Amino acid sequence: MAKRKTRRSRNKILDRKAGNRPGHLAVPAEAFTPRFFLISFHDQFFEEKEYATYEQLKQRVHELPDARHWIDIRGYNSQGLFEKLVADFKIHPLQMEDVLNDYQRPKVEQDQGRLFIITRMLRWSAEQHILEDVQLSVFTGSNYVLTLQSDYDDCLNPLRDRIRSGLGVIRQRPSIYITYAILDVVLDFYFPVIGKISSYMEELEQTILEQPSKQTLGQVLSLKNELIRLRRIVWPERDKMNELLRMDEHIIPASLQIYFRDAYDHTIQLIDLIDSHKEMTSSLVELYMSTVSNRMNNIMKVLTIISSIFIPLSFVAGVYGMNFSREDPETGEVFRYSMPELYQPFSYPILLFIMTVLVVLQLYFFYRKGWFKSF
Amino acid sequence: MAKRKTRRSRNKILDRKAGNRPGHLAVPAEAFTPRFFLISFHDQFFEEKEYATYEQLKQRVHELPDARHWIDIRGYNSQGLFEKLVADFKIHPLQMEDVLNDYQRPKVEQDQGRLFIITRMLRWSAEQHILEDVQLSVFTGSNYVLTLQSDYDDCLNPLRDRIRSGLGVIRQRPSIYITYAILDVVLDFYFPVIGKISSYMEELEQTILEQPSKQTLGQVLSLKNELIRLRRIVWPERDKMNELLRMDEHIIPASLQIYFRDAYDHTIQLIDLIDSHKEMTSSLVELYMSTVSNRMNNIMKVLTIISSIFIPLSFVAGVYGMNFSREDPETGEVFRYSMPELYQPFSYPILLFIMTVLVVLQLYFFYRKGWFKSF
Amino acid sequence: MAKRKTRRSRNKILDRKAGNRPGHLAVPAEAFTPRFFLISFHDQFFEEKEYATYEQLKQRVHELPDARHWIDIRGYNSQGLFEKLVADFKIHPLQMEDVLNDYQRPKVEQDQGRLFIITRMLRWSAEQHILEDVQLSVFTGSNYVLTLQSDYDDCLNPLRDRIRSGLGVIRQRPSIYITYAILDVVLDFYFPVIGKISSYMEELEQTILEQPSKQTLGQVLSLKNELIRLRRIVWPERDKMNELLRMDEHIIPASLQIYFRDAYDHTIQLIDLIDSHKEMTSSLVELYMSTVSNRMNNIMKVLTIISSIFIPLSFVAGVYGMNFSREDPETGEVFRYSMPELYQPFSYPILLFIMTVLVVLQLYFFYRKGWFKSF
Amino acid sequence: MAKRKTRRSRNKILDRKAGNRPGHLAVPAEAFTPRFFLISFHDQFFEEKEYATYEQLKQRVHELPDARHWIDIRGYNSQGLFEKLVADFKIHPLQMEDVLNDYQRPKVEQDQGRLFIITRMLRWSAEQHILEDVQLSVFTGSNYVLTLQSDYDDCLNPLRDRIRSGLGVIRQRPSIYITYAILDVVLDFYFPVIGKISSYMEELEQTILEQPSKQTLGQVLSLKNELIRLRRIVWPERDKMNELLRMDEHIIPASLQIYFRDAYDHTIQLIDLIDSHKEMTSSLVELYMSTVSNRMNNIMKVLTIISSIFIPLSFVAGVYGMNFSREDPETGEVFRYSMPELYQPFSYPILLFIMTVLVVLQLYFFYRKGWFKSF
Amino acid sequence: MAKRKTRRSRNKILDRKAGNRPGHLAVPAEAFTPRFFLISFHDQFFEEKEYATYEQLKQRVHELPDARHWIDIRGYNSQGLFEKLVADFKIHPLQMEDVLNDYQRPKVEQDQGRLFIITRMLRWSAEQHILEDVQLSVFTGSNYVLTLQSDYDDCLNPLRDRIRSGLGVIRQRPSIYITYAILDVVLDFYFPVIGKISSYMEELEQTILEQPSKQTLGQVLSLKNELIRLRRIVWPERDKMNELLRMDEHIIPASLQIYFRDAYDHTIQLIDLIDSHKEMTSSLVELYMSTVSNRMNNIMKVLTIISSIFIPLSFVAGVYGMNFSREDPETGEVFRYSMPELYQPFSYPILLFIMTVLVVLQLYFFYRKGWFKSF
């Protein structure tokens, strides 16, 4: 029950109301209250602060015309906010609709040198064995980067630390470099996610080999579904990076191309890894199926060994339990051929001996056929 | 029986008469009487009415040369009508034949700036678990959009409401924007259809895990067929949107490109979703197969446990049911080795005890092998 | 045996003699005597006749220089004929070789504005459940169409009727339109063929669900092979139509492009349909496999229910069939613990009662596990 | 053992020494002594002879400057020879290395109008059911064709016969036409090979349906491997022909293009055929699997029928074999409920009758379920 | 346990720390101490030496301005080294990061005529049946080649030998030729690796046919995973070679193109081989599954034969073990129909004879059905 709910709720796109006006900005019901973060910096300058309202943040940006700004808004629970953003940053309403509809494919759109990028931040839930992903929307201008996300948490802290510490070249570079850095960090976090999936697959493999249960296959197949979903997220990431790579030099300066190329390489590596892992789940299914078959074989072996040994013996015992009369009850004539074995002194021990020999022979036969090995 | 009929009748293309003259306008036998709707509007003006005849509608259109018109004809049962349309709107007979043959792939054709578009409206029948689709044909001109469909019902009411209410920009935009809006609404309704399929799949999964029957696999496979069919509908939708995207600016103005791009993105998302769901049906088949195997395993376990316990015991009982004589019937000589156990005071309770121990040992063996777990 | 022969003989390409000179015109051994048909027409004129010899037909063509001609030769049993055709119509020997080798892929070749087209006419043999196809070769010139086929029968009669009746525009159009019309009729007949395959698949599905036999899977798999073969025919049809579409305007006039586009759309629809049906055969295989498994389950259930009930009961009966002596045969001492049940007045009815209870409990257990349901 | 060896030795590429200098000409150890054949001809002239040494052949070629030559060298066992060839024909050492390494993919290389072509001659070994292939290397110049092969036998005799007899146009054509003719003959022999594979598959199908053994599946799978291998050979043949087709007119004259196009069509047909046959092997595997399952079903049916009939009967017999005493051994009191059936005159025949009825009922039940049909 | 560790540790990419600054040079913890090798040569000159420090090597390079140098650094345990290399050879930090992160896809990057190439050296571990691969990074300049690898061992010794011995043209060629030679040797070693995999597969096949165990399938599936991994390595090798092929003539001189083309052909052959082997593992899985099924069939046959023979016999014996009284215990009246067989002189031998006949008939039946064959 819980599981069912989860899968549906993660495919939010399937629940959205059809027939809405394009560009209609509907704030999701359960959205968080927005929080406003601003990181401003240039070569010799760095400032980082959270603002209570969008207006305060906006004013501070205007006070620092020479700096580059990373405006970082988290939580969507404010209709008015988005209309202001549309006006202030000259964003197309369709794009803002994409921001609010938290189920877009990763993509990049370019309009007069400004970029609109959608990427997805991934997390692997180790208890539920499912992927969680949050959409990160990025708008870039000449001296700012505007990021929007529905959650308060994200995976961008390593990047923020790098800006804070002033390490590397990030403060000297144009704002498009920050965009690159954001996309790069997001992609970077895909690798440990696949790493966790990989560990989980090895656990599953171990379980299948040791004590597979009815649930095990369900887990394998639901992991496969997660990988299908992951693939559905990473493919458009690749297309996106590729599109960025092929953009004009006034958007992506030549000196930064190598960075985007690097990120593009990462997406290809990701697809490689996902495809391999997806193929491996098929192997797990085959392994499971064969384990079930092997088990059946073992069950049948037990049955067959026991039956093959005791059914014939029972028959023999049954024969000597027959009541053929030794003599004619009327005339008293003795029937010499009527079960004479019953009246011999050593019949019983001889019979027991023969039975034992039979058992030993059968056991030897089954041993030779290797039926005792794989229990 | 009913099912068979349904599938065939939904593949109407397979029943059409071969060898007809191209451009031959054959009205389908069971078609509805046509109804004529007209929505006319410009910035300050809006009118919506149903007309009894095509001529009345046509006259009203001529009375409003400055407005944009959405001529909306539903039901095909009139030979003459289509010939008039061909003449009035300068439609190629082959295109009108496509309109009447209600099984066309989605496509777009362009001739001198006028578009002819075929799209398919989807519905998911929750009782029969099948897709129902109705073809919608759209012809666009400089100041009109002509839509034709065989059913009275459609999924365009949200769009009509938007025009009525004057919300958004739809009344200010050229008629190609209405075309976009129609295509967008049609595509929008694909998502809840896939949502329903998704729920249905989860039901099926639940059924497979809990109490799969002979019919369950049939349902999974017929769902797979529906997904194959859906894919066959959505792929050409994507090609169609792509073709529209690449059209000249005098057909699709630059300012509208972003809308068509958005719709194109939706078709890609749809294909993604359909492909994932199709892969998941394969998982369901595997799950079903493994459930059947597990069941077999369980059946065999019951048989094996019972047989392994009682067949040896029966043998033992059989042994002590043998009639080996204790003495020579003729000489009266006592055979000391002929079943002496029968003549001991505690043989019977000892035997019962040994049998009980055997049973306990076997049960322990089966318990250790985990055979009691997965019942 | 019969079946084997059929499959081979339908793959005639696999039997052809290797190493022949390219362009070598070898008349097949079992060919029919050629028959010569001529349909000549222009706007006001129509004539249709069968001629005894090629020379007579040729002369009549020369007598009608203003008409368009459809020269229709059926049956290949005449070496000389093909050499005359090669000379009269300036046909490349390699092309004429293709005509005679009745196993070519559909294709189109263009040489100085004249087209050489190979297409395949399909029939579904309902008794044998196989596809039969006959090659139709078409040469077009400025005022004639030359068609060659090895059989007397074909599927072009609807087209002939249309020309005869003068319906539509066919008589006004250039000879390339007749070519189109021929290809269109040929393709048109593919749809009912797939329709018949579809019905046959539903029959098979019914059989699998109701009473599958050893042969059923063979039939499914051989149907799959037929679909593979059909696909192998339709793919090049699509390529062919695509190539025709992209031809220069002096070969395919712009006004006819829409017709060829329509035919091209049909080939795409055909491929869609064939692919879906091919995927459905995989579903049928899975259904069959699961039916076999279900059957096995049912067999095992019968065995297990019967065995589980009666084997323990037999054991109990066996116990009371044991011959433990009630008293020491020598001393006459009574053994109190030696099967005292045998000497109680109500042991027997009590035992029967206990046995009945056991049976009822087991039946209830099996009923609870749902083993009686799916018989 | 034999089989294993064969497969390896056919994948010679896997055994080659790694790390050799590119262009290193290593004559294979077990190579044949080279034989030198020369066919020289022009319109009015034809000469064919085997020469003892390469020098003699070379001299004869120089004596006939106006003729076209087919220099045909078979057997590689001469280091010096290849160095002479490299020098005389200005062959790149890398190409000559490819000639000697008898496991190259088919390919074509072009250098200053001269072609270097690798193709593979196929044979189907009917006893071992494996493909044998020999590499044929072709170098073309303005007035010669040089072919090299490691075996004495080949499939080019039909072509030699055609040149000898002067049939067709081969003697009038430029040397590139001979190249085409060689490639065409080689490809021509692929069709009967597939024909033999096809027959073999039908045999296997028959075996599976009638009496499949453990080996049968092995044979099917190894045939599949052969088809995979065949595909690996034919795909590059197709690429090669395609590359030839797209070559400049001074290499492939326009008048010959149609011939190469024809050969290209053949490679496509080959790929079609191979792919179909490969898919059919999957069907064979499924057929085999289902046959094994059906067999298991039949085995279980036998067991179940016999057990279901006799186990309950045995129980009944067991009941009346119980030894409940008719009277109290001490008091002599008669127990009225202690197996009174034993003391009725017609109990035994009535019991036999009831047993017979039971058997008949069970047989009828099994008959109704169709268990007797498919034996 | 060991196995699990291995797989993870080979997918090092999955363990790397996410969120690092791009271009961050982190030396891996367990890296080897670097060793510095220099091979310098021109037409008349050759020198090869290991240096203790990078500075000494650098100085020697400066002393030989006319020679070409192969600078060969093995082991990464020195942070400072890489910063010096970045400075001295003007390497982009991102590229140097790729060198240090030992899990890159093979690739080539070109910057102002200098190449940066990543390739992977393969080894097949025969005990663990896994692929081991080490990354080799190559930087080329006008007169040097710089290679970096983390291991001391590599597969380049055959190439070093060739340079030492002065065989071939390697000393006359520009430094790009050495690059080619390195890539070629690396690729060359892929073939014996696949050869070993091929042998291993044949072993597995043998094991499956003879005595498959639970582990066998696991081995097959893990081999499949290795092949998937190998494919993931070779595909980008192919792309890399293709990219090199398409590079400008000032980077790859025309005279060397044929060499790169040759290497490109090798990568295609590798992919062919890997794909075939991957398909063959699927065949192995099918073979395994069918072997398991066959085994089950055999087990069931044993059970069925034994049960079918002895259960009916036991029943018969049970019948004659019944205790129907021959006479009324009270009146002494003889029951003529109460088991009269018991009181006939030859009943017992007749019964034994009938039983024997039954057994023989059953054995004949099973023999006819071929149940004794495939043990």
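Protein chains in written order, with my numbering: chain A, 18 to 392; chain B, 18 to 392; chain C, 18 to 392; chain D, 18 to 392; chain E, 18 to 392. Heads up, the beta-carbon is just placed ideally off N, CA and C, and yes, glycines get one too. All values derive from a computational prediction rather than experimental measurement.
Residue 36(C) and residue 150(D) have their alpha carbons spaced roughly 17 Å apart.
Nearest Cα to residue 175(C) within the set 155(C), 158(C), 194(C) and 206(C): 206(C). Within the stretch 278-316 of chain D, no run of beta strand (DSSP E) at least 3 residues long lies entirely inside it. With respect to residue 165(B), residue 116(B) sits close: the two C-beta atoms are nearer than 8 Å. The beta carbons of residue 322(A) and residue 383(A) sit closer together than 8 Å. Collapsing the DSSP output to three states places residue 136(E) in a strand. For the stretch 56-80 of chain A, the set of residues with a beta-carbon nearer than 9 Å to any beta-carbon of chain E is empty.
Residue 79(A): member of the alpha helix (DSSP H) spanning 71-80, first to last residue.
Note that the C-beta distance between residue 280(E) and residue 204(E) is below 8 Å. Interface with chain B (8 Å Cβ-Cβ cutoff): residue 241(A) is included. For residue 111(C), the enclosing alpha helix (DSSP H) starts and ends at 110-117. A Cβ-Cβ contact shorter than 8 Å links residue 152(D) with residue 135(D). Within its own chain, no residue has a Cβ closer than 7 Å to the Cβ of residue 129(C) once the five positions on either side in sequence are excluded. Taking residue 105(A) as the centre and dropping the five residues before and after it, the same chain places the C-beta of 75 closer than 8 Å to its C-beta, in chain order. With its beta carbon at least 8 Å from every one in chain C, residue 106(B) lies outside the interface.
The alpha-carbon of residue 346(B) is positioned some 32 Å away from that of residue 368(D). Between the stretch 355-364 of chain E and the stretch 349-363 of chain C there are fewer than three inter-stretch CB-CB distances shorter than 8 Å, so the stretches are not counted as touching. Straight-line measurement puts the Cα of residue 356(A) at about 14 Å from the Cα of residue 343(B). Per DSSP, residue 159(A) is not a residue of any beta strand (DSSP E), being assigned neither H nor E. By the Cβ neighbour-count rule, residue 371(C) is exposed, with fewer than 16 other Cβ atoms within 10 Å of its own. Going by C-alpha positions, residue 163(D) is about 5 Å away from residue 156(D). Residue 90(B) is bridged by DSSP to 53(B) and 165(B). The continuous stretches of beta strand (DSSP E) do not include residue 186(A), and DSSP gives it neither H nor E. With a threshold of 8 Å between beta carbons, residue 334(A) makes contact with chain B. Distance from the CA of residue 257(A) to the CA of residue 191(A), rounded to the nearest whole angstrom, comes to 20 Å. Under the Cβ criterion of 8 Å, residue 85(B) is not counted among the residues facing chain A.
In terms of beta-carbon proximity, residue 193(E) stays away from the interface with chain A, with every pair separated by 8 Å or more. Distance from the CA atom of residue 183(B) to the CA atom of residue 55(B), rounded to whole angstroms, is 16 Å.
Within the stretch 315-326 of chain B, the residues whose Cβ lies closer than 8 Å to any Cβ of chain A are, in chain order, 317, 318, 320, 321, 324 and 325. Assignment of residue 128(B) by DSSP, reduced to helix, strand and coil, places it in the strand class. Look at the stretch 183-235 of chain C and you find these whole runs of alpha helix (DSSP H), each 4 residues long or longer: 192-205 and 207-227.
Among the residues facing chain B, residue 297(A) is not included, as its CB has no counterpart in that chain under 8 Å away.
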